[in-house]
Amino acid sequence: MDVKLNRLILFILTISVSAHAQDYVPGELIVKYKGKKFSASAQSASQKIMNEKGMSLKSSWHGLNMDHFALKPGDDVEAAAQDLMQDPNVEYAEPNYYLKKATENLPDEVMTKEQFEVLFNEYSNSDAEVGAQNISYSQTGAPVEIPEAWAQMSSTSYKPTIAVIDTGIDLQHVDLSSALWANTGEIPSNGIDDDGNGFVDDINGWNFVNNNNNPDDCDGHGTHVAGIIRGTSQDILANPLPAAKIKLMAVKFLDCNGNGTTSAAVQSIYYAVNNGARVLNNSWGGGSYSYSLHEAIAYSYSHQASFVAAAGNSGLNNDVSPMYPASYNVPNIISVSATTDADNLASFSNYGVSKVHLASPGVGIYSTYLNNMYASLSGTSMAAPFVSGVVAIMAREKQTMNGYQLKQLILNNVDTKSNLNGVVQTGGRVNALYSLNAAQSAAVDTYQPSYDVSANGNRGPASDMQSGGGCGLVSKLYKDYNDNQTKFQGPHNMTLNIVLVGLLIALPFALAMALKTQGQTRRRWDRFKLGSKIYVETIRGEFLGSVGTISIGGLELKTDQHLAMSDKVRMVIESPDGKEFVEVHGKIVWCNENGGSFGVSFVEVQEKSLLTIHTWTKQLVKAN
Ligand code: CA
């Protein structure tokens, strides 16, 4: 018991990219080759992957310099991704994550437009008051001042295009068909890609679920979202319905149950941007950090588009538990929480004073539904399209205003609410009238900050990927040299004489993700010098360890102490110049992930800490 080892033990650890239950498509990888164009070296890398690794090509996106592969049956996704990263021509390889619509429920009741009009008229003629305002607008009772904005919209004929990246749109819906984006470069049904954009007969958009030209909706979610967007620009109950003021591009990547994948989402975003969408509405999310999705959003930013994203419906703080895509830090993302008609945060809504920008109505929202019907739905899925609609009517006033400026204007013109203070970044809920007026009076400013994905990689600790923190892995463990290791089978026979050899810590993983493209020499995980100390608190006292280098593969920990379950780990990381410190806390736990192993769980690592460390690591020296 309590045998002290006589020498320092050097631990080099390995890490598993995903910290929790499999959230990606089994047997698939997305591979990005180095460089912007699909070159001869990418071609040869692709061939090599097929010939030597036994993978088969599912699809090639040469415009993005990416391939989508199916693995050889039985191969492990994460191991295969790590293996491919060793190829000097591969920029990254990652799992194809699952994504889903940001509304859980189906409508309680589906009604005809006539039934909906009756309901709305009864409601607005009653004494119902919400906040300080009578109900004057059909889709929400929240005082967002949408009809007031209609009255001040200019008579321009310019119609900005909003991509509804979703379950599709009911293309025949009487309230939506006249607002659909139409690809003027394409001759319908001639079997030819007339405009040469890579998609044959893409008239109203594209279906990335089945890879065809029919983005019709078989779920209802995208149709509902589309109706909110059009309904923000004009009264969709007007009879007859006037000409549309905006265009809705149907970009389908979620299936008939509202489920999709990163591979389809990435293609959807590039399609929307390349075909002229100024606003991308994203009422969906899920999965872990994805480099390819991050890059796709950065592409939308570099093309001056706005990227509006639902904050998610888990009731969680996105500052602690990132929700993707809402939590990427690309400067054109507008992340949206859902509020009630009385401007209270919806019980289900995610929030975050750093990562969520503003609130928008998302409870009991009436909008269009499949087969010319109407329905009420709730979710941040419904909150995001109000914001997309407001951005669209702003963009309509200023044809050349970029997504970055539109974001600043909409955030600066919310209705601030005391109960949203400290909940979302602006402390307010979207206001259509103020935002429209701000866009009308602002001079177009073409400036936007430069943004580099490789310098803004995954900063979220792996432990953030689920609520309450996750597990880092311990690659192996042993006690004294002479003892029998096979005794360790799990938490039930844990004793204090256990020595953890491999502390795999989620935090360095996150840091190293941001580092991995900085090295000149191509190696799977470049290792960087970073001095820091680890204080390990056990029932026997506090012991000191030290960390010399970090990499995405884990960290090297030197210690001569035994650790046990529930022991606390206090990691004090020094800046390279030794002048600053960041402290994070974890404890030794049994992880059910990865088949069961010992690990270190870090809970509530502050975003601020990660940003601080990220700043330091920009100056790190590569260790050999
Ligand atoms: Ca085409």
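Per numbering that gives the first Met the number 0, the sequence shown starts with residue 0, numbered consecutively. Cβ coordinates follow ideal geometry from the N, Cα and C atoms, glycine included. Here the structure is a predicted model, which is why all the values come from computation and not from measurement.
Item checked: Segments of 3+ residues assigned as beta strand (DSSP E) that fall wholly inside the segment 230-313 -> 246-251, 258-260, 278-281 and 305-309
Next item on the list: Could you check how far apart the C-beta atoms of A431 and A148 are, in whole angstroms? I think they sit under 8 Å.
Entry: By one-based count along the sequence shown, residue 431 stands at place 432. By one-based count along the sequence shown, residue 148 stands at place 149. With a Cβ gap of about 4 Å, A431 and A148 count as contacting.
Notebook entry, point to check: Looking at V199 and ligand 1, is the gap between the Cβ and the nearest heavy atom below 7 Å?
Noted result: The residue given as residue 199 occupies position 200 in the sequence shown. At least one heavy atom of ligand 1 is nearer than 7 Å to the Cβ of V199, so yes.
Note to self: Classify G311: buried if its beta carbon has 16 or more other beta carbons within 10 angstroms, exposed otherwise.
What the structure shows: The residue you call residue 311 lines up with position 312 of the sequence shown. Looking at its Cβ environment, which holds 16 or more other Cβ atoms inside 10 Å, G311 is buried.
Next item on the list: Work out the CA separation of A181 and L240 for me, nearest whole Å.
Entry: Indexing the sequence shown from 1 puts residue 240 at position 241. Indexing the sequence shown from 1 puts residue 181 at position 182. C-alpha separation (whole angstroms): 19 Å.
Notebook entry, point to check: Is the segment 262-278 touching the segment 75-89, taking contact as three or more C-beta pairs under 8 Å?
Noted result: no
Notebook entry, point to check: Do you know how far the Cα of K246 is from the Cα of H302?
Noted result: Locating residue 302 in the sequence shown gives position 303, counting from the first residue. Locating residue 246 in the sequence shown gives position 247, counting from the first residue. Approximately 18 Å between the Cα atoms of the pair.
Next item on the list: My understanding is that A162 touches N280, with C-beta atoms under 8 Å, so please give their C-beta distance in whole angstroms.
Entry: Indexing the sequence shown from 1 puts residue 162 at position 163. Indexing the sequence shown from 1 puts residue 280 at position 281. Right, their Cβ atoms sit about 7 Å apart.
Notebook entry, point to check: Taking just the CA atoms, how far does E90 sit from Q46?
Noted result: Position 47 of the sequence shown, counted from the first residue, corresponds to residue 46. Position 91 of the sequence shown, counted from the first residue, corresponds to residue 90. Cα-Cα distance, rounded: 16 Å.
Next item on the list: With DSSP as the reference, label L435 as helix, strand or coil.
Entry: Sequence index remark: in the sequence shown, residue 435 carries index 436 (1-based). Correct three-state label for L435: helix.
Margin query: So, with DSSP's three-state summary, where would you put V422?
Written below: For the purposes of this step, residue 422 is identified with residue 423 of the sequence shown, where counting begins at 1. Coil at V422, not helix or strand.
Check: Do V278 and S305 come within 8 Å of each other at the CB atom, strictly closer than that value?
Finding: Position 306 of the sequence shown, counted from the start, is the residue given in the question as residue 305. Position 279 of the sequence shown, counted from the start, is the residue given in the question as residue 278. Yes, Cβ-Cβ distance for S305 and V278 is below 8 Å.
Note to self: Buried or exposed, going by whether 16 or more other CB atoms sit within 10 Å of the CB of A41?
What the structure shows: Counting from 1 along the sequence shown, the entry for residue 41 is found at position 42. The residue in question, A41, is buried, as its Cβ has 16 or more Cβ neighbours within 10 Å.
Checklist line | Secondary structure of S346, DSSP reduced to three states | finding: In the sequence shown, the residue the question calls residue 346 occupies position 347. Three-state result, S346: coil.
Check: Can you check whether the CB of S291 is closer than 8 Å to the CB of V319?
Finding: Here residue 319 is taken as the residue at index 320 of the sequence shown, counted from 1. Here residue 291 is taken as the residue at index 292 of the sequence shown, counted from 1. Their beta carbons are not under 8 Å apart, which means V319 does not touch S291 by this criterion.
Check: Leaving out five residues before and five after K25 in sequence, what residues of the same chain have Cβ atoms less than 8 Å from its Cβ?
Finding: In the sequence shown, the residue the question calls residue 25 occupies position 26. Rather than Lys, the amino acid found at residue 25 in this sequence is Pro. Answer for P25: V76, listed in chain order.
Check: Among G427, A394 and G421, which one has its Cα closest to the Cα of L410?
Finding: Taking the first residue of the sequence shown as 1, we reach residue 410 at position 411. Taking only the C-alpha atoms, the option nearest L410 is G427.
Check: Do A92 and E27 come within 8 Å of each other at the CB atom, strictly closer than that value?
Finding: Residue mapping note: residue 27 aligns to position 28 of the sequence shown, counting from 1. Residue mapping note: residue 92 aligns to position 93 of the sequence shown, counting from 1. In this structure, A92 does not lie closer than 8 Å to E27 by Cβ.
Margin query: Mapping the DSSP letters down to three states, classify E147 as helix, strand or coil.
Written below: What you label residue 147 is simply residue 148 of the sequence shown in a count that begins at 1. DSSP places E147 in helix when its eight states are reduced to three.
Next item on the list: Taking only heavy atoms of ligand 1 into account, decide whether any of them is closer than 7 Å to the Cβ of N210.
Entry: If you number the sequence shown from 1, residue 210 lands on position 211. No - ligand 1 has no heavy atom lying nearer than 7 Å to the Cβ of N210.
Item checked: C-alpha gap between S313 and S43, whole angstroms -> Position 314 of the sequence shown holds residue 313. Position 44 of the sequence shown holds residue 43. Cα to Cα, S313 sits roughly 44 Å from S43.
Next item on the list: Output yes if chain C places a C-beta closer than 8 Å to the C-beta of V429; else output no.
Entry: The structure shown has no chain C; it contains just one protein chain.
Notebook entry, point to check: Under 8 Å, do S267 and I164 count as touching if we go by C-beta distance?
Noted result: By 1-based counting over the sequence shown, the position of residue 267 is 268. By 1-based counting over the sequence shown, the position of residue 164 is 165. Closer than 8 Å, so yes.
Item checked: M372 versus Q114 - alpha carbon distance -> As a first step, residue 372 must be located in the sequence shown, where it is residue number 373. As a first step, residue 114 must be located in the sequence shown, where it is residue number 115. Each residue's alpha carbon lies about 9 Å from the other.
Margin query: Spatial neighbours of I145 within its chain, please: C-beta separation below 7 Å, excluding the five flanking residues on both sides.
Written below: Walking along the sequence shown from the start, residue 145 turns up at place 146. Result list for I145: Y136, T231 and A431, in chain order.
Checklist line | Expected contact under 8 Å - CB spacing of A297 and V329 to nearest Å | finding: Position 298 of the sequence shown, counted from the first residue, corresponds to residue 297. Position 330 of the sequence shown, counted from the first residue, corresponds to residue 329. About 5 Å separates the two Cβ atoms, so the contact holds.
Notebook entry, point to check: If you run the structure through DSSP and keep just helix, strand and coil, what is T367?
Noted result: To locate residue 367, count along the sequence shown from 1; it is residue 368. In the structure shown, T367 sits in a strand (DSSP, three-state: E or B).
Item checked: Pair within 8 Å by beta-carbon distance, G361 and A345 -> Stepping through the sequence shown from its first residue, residue 361 is reached at position 362. Stepping through the sequence shown from its first residue, residue 345 is reached at position 346. Taking 8 Å as the Cβ cut-off, G361 and A345 qualify as a contacting pair.
Note to self: My output table needs one value for M372: the three-state DSSP class, helix, strand or coil.
What the structure shows: Here residue 372 refers to the residue found at position 373 of the sequence shown. If DSSP states are grouped into helix, strand and coil, M372 belongs with the strands.
Notebook entry, point to check: Between the segment 59-67 and the segment 214-227, do three or more beta carbon pairs fall short of 8 Å?
Noted result: no
Checklist line | Span separating the alpha-carbon of A511 from that of S449 | finding: In the sequence shown, counting from the first residue as 1, residue 511 sits at position 512. In the sequence shown, counting from the first residue as 1, residue 449 sits at position 450. Residue confidence for A511 is low, a pLDDT of 42 falling below 50, so the modelled location carries little weight and cannot support an answer.
Check: Quick one: does the C-beta of D193 sit closer than 7 Å to a heavy atom of ligand 1?
Finding: Within the sequence shown, the letter at position 194 stands for residue 193. Under cutoff, so the answer is yes.
Margin query: For the alpha helix (DSSP H) containing K52, name the first residue and the last one.
Written below: Position 53 of the sequence shown, counted from the first residue, corresponds to residue 52. Taken as a continuous stretch (DSSP letters only), the alpha helix (DSSP H) holding K52 covers A39 to K52.
Note to self: Going by C-alpha to C-alpha distance, which of Y365, P159 and A39 sits closest to L118?
What the structure shows: On the sequence shown, residue 118 is found 119 positions in, with the first residue counted as 1. It is Y365.
Item checked: N209 to T160 span [Cα, whole Å] -> Counting from 1 along the sequence shown, the entry for residue 209 is found at position 210. Counting from 1 along the sequence shown, the entry for residue 160 is found at position 161. Each residue's alpha carbon lies about 23 Å from the other.
Checklist line | DSSP state of G651 mapped onto helix, strand, coil | finding: The structure shown has nothing for residue 651, since the chain only spans 0 to 623.
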